[in-house]
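Asker: The structure under discussion is supplied below as C-alpha cells; questions concerning it will follow.
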Amino acid sequence: MTAPMSIRHYLQFKDLSADEYAHLFARAAFIKRKFKAVEKYQPFADPDRTLALIFEKASTRTRVSFEAGMYQMGGSVVHLTTGDSQLGRAEPIEDSARVISRMVDLVMIRTYEQAKIEAFAAHSRVPVINGLTNEFHPCQILADLFTLVEHRPAASGQPLDAIRGKVVAWVGDGNNMANTWLQAAELLGFTVHVSTPSGYEVNPELAGISDRNCFKVFKDPREACADADLVTTDVWTSMGFEAENEVRRAAFAQWCVDEAMMQLARPDALFMHCLPAHRGEEVSAEVIDGPQSVVWDEAENRMHAQKALMEFLLLGRLA
Ligand code: CP
Ligand code: NVA
Numbered sequence: 056m057t058a059p060m061s062i063r064h065y066l067q068f069k070d071l072s073a074d075e076y077a078h079l080f081a082r083a084a085f086i087k088r089k090f091k092a093v094e095k096y097q098p099f100a101d102p103d104r105t106l107a108l109i110f111e112k113a114s115t116r117t118r119v120s121f122e123a124g125m126y127q128m129g130g131s132v133v134h135l136t137t138g139d140s141q142l143g144r145a146e147p148i149e150d151s152a153r154v155i156s157r158m159v160d161l162v163m164i165r166t167y168e169q170a171k172i173e174a175f176a177a178h179s180r181v182p183v184i185n186g187l188t189n190e191f192h193p194c195q196i197l198a199d200l201f202t203l204v205e206h207r208p209a210a211s212g213q214p215l216d217a218i219r220g221k222v223v224a225w226v227g228d229g230n231n232m233a234n235t236w237l238q239a240a241e242l243l244g245f246t247v248h249v250s251t252p253s254g255y256e257v258n259p260e261l262a263g264i265s266d267r268n269c270f271k272v273f274k275d276p277r278e279a280c281a282d283a284d285l286v287t288t289d290v291w292t293s294m295g296f297e298a299e300n301e302v303r304r305a306a307f308a309q310w311c312v313d314e315a316m317m318q319l320a321r322p323d324a325l326f327m328h329c330l331p332a333h334r335g336e337e338v339s340a341e342v343i344d345g346p347q348s349v350v351w352d353e354a355e356n357r358m359h360a361q362k363a364l365m366e367f368l369l370l371g372r373l374a
C-alpha cells in the first residue's frame, strides 16, 4: 500500500483552504463531465487504491457515493459496520486505526462523537474523511456548494465568486449540518440566516467558528428566508437523537419550509436538503418536489465532489 508523503485529513469543513475548495470544485466539474460522457477516469487503478468505509450509523447516499465513486476511479472498497466488526466489541478506536490504516489507502468514517474520528485520525497512517458525525457533515456541504456553483455560476467563471456574498437560510435544527454551514460561511465569505426553535440553537464554539458575523439568528423562520439565495433544512431528529423524536416534533412544528417561505426568498432561490427528507415535517412536498428544488442534483453531486476530494487526498493537486 502507498502512503502519501504528508497526510491530510478531512474531519471538518475548515480542514481545507478556500483555494483548495476552488480546486476541488473545478476537479469535481471535470470528473462529473467524464462520468456523464461515459469516459473512464481511473487514477486509483495502478497502483490499486483501497478505501475503508466504516459506518456506525445508517446511510444510503454516503455509502453509495463513496463506494461507486471509488470503483469508478479504479480502486476498491472494504465496508465495515459496528455490528460486523470488532468496533462493536469495544476494540479501542486507536487500535482499530493502527490496524485498518496499515492495509488501506484511505478511510471514511460515519460515527457519533467528533472526538472519536479525531482519535482515529490521530492514529491513522492514511487520510481520514468525515462521513458524518454528531457535530459535522463536511462532505455534504462540499457537495451542496458544488451544486450551488453549478446552478448559479458567477459571471467570472470562478467557483468561489459564485459563493461569496450569498445568503443561505438554515431553517430547523442547530445540528451537524448547521455547524458545517457556519464553518463554510466563515471560510468562503457568505452569510447563514439561522432560524431554529428555542433550545435547538447553533453554538459557535461547537461549530468551531470565530467570526460571529458569518451568521445571523432569526426567531421567525420566514424572516430567515427573506431575500435568501438558498433555503435549506434537514430532519428534525438526527441519527442518535431518536429518543427525542416526539418532543422535537412539537418544538419544530413551525419550522417546515413551505411555499410561503420560499416566496420570501429571492425569485431565483434554490432549495436544498441533504436527504433523507420527511415531506410534511421539515419541508412540504410542494417545495421539495417543486421547481426551485435541486435535491437530486445535490445527492448525485456527493459522488462527483467526493471523487475530487479522494483524488486530492491521495494524489494531491492534479491539473
Ligand atoms: N445526506 C446523507 O448523508 O445521506 P445518507 O445518510 O443516506 O448517507
Ligand atoms: N442531520 C442528519 C443528517 C443526515 C444525513 C443526521 O445526522 O442524521
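Numbering of the sequence shown is given in the working numbering, commencing with residue 56 and proceeding in unit increments.
For each residue, glycine too, the CB sits at the ideal point set by N, CA and C.
#1: If I follow the unbroken alpha helix (DSSP H) through Thr202, where does it start and stop?
#2: Tell me which residues share the same chain as Ala239 and place their Cβ nearer than 6 Å to its Cβ, disregarding the 5 neighbours each side in the sequence.
#3: What's the C-alpha gap between Arg334 and Ser61?
#4: Report the rounded CA-to-CA distance for Ser250 versus Asp228, giving the unit in angstroms.
#5: Going residue by residue through the segment 121-188, where are the continuous beta strand (DSSP E) segments of at least 3 residues, counting only ones entirely within it?
#6: Would Ala279 and His248 be called neighbours here (beta carbons separated by less than 8 Å)?
#7: Quick one: Cα of Leu364 to Cα of Glu241, how far?
#8: Taking the Cβ atom as the reference point for each residue, do Thr292 and Val226 lie within a distance shorter than 8 Å?
#9: DSSP three-state call for Asp103: helix, strand or coil?
#10: Using only the alpha-carbon positions, how far apart do Glu366 and Lys87 sit?
#11: Taking the alpha helix (DSSP H) that Val257 belongs to, which residues open and close that run?
#12: Leaving out the 5 sequence neighbours to the left and right, which residues in its chain are closer than 7 Å to Ala73 when beta-carbon positions are compared?
#13: Under 8 Å, do Lys112 and Leu187 count as touching if we go by C-beta distance?
#14: Which of the three DSSP states, helix, strand or coil, is assigned to Asp70?
#15: Cutting at 7 Å between CB atoms, please list the residues of its own chain near Trp236, excluding the five before and the five after it.
#16: Where DSSP assigns a beta bridge to Val290, which residues make up the other side?
Answerer: According to the structure shown:
#1: 193-206
#2: Phe68, Ile196
#3: 45 Å
#4: 8 Å
#5: 131-136, 161-165, 183-185
#6: yes
#7: 20 Å
#8: no
#9: strand
#10: 13 Å
#11: From DSSP, Val257 is part of no alpha helix (DSSP H); its letter is neither H nor E.
#12: Leu215, Leu242, Leu243
#13: yes
#14: helix
#15: Ile196, Val223, Trp225, Val247
#16: None, per the DSSP bridge assignment.
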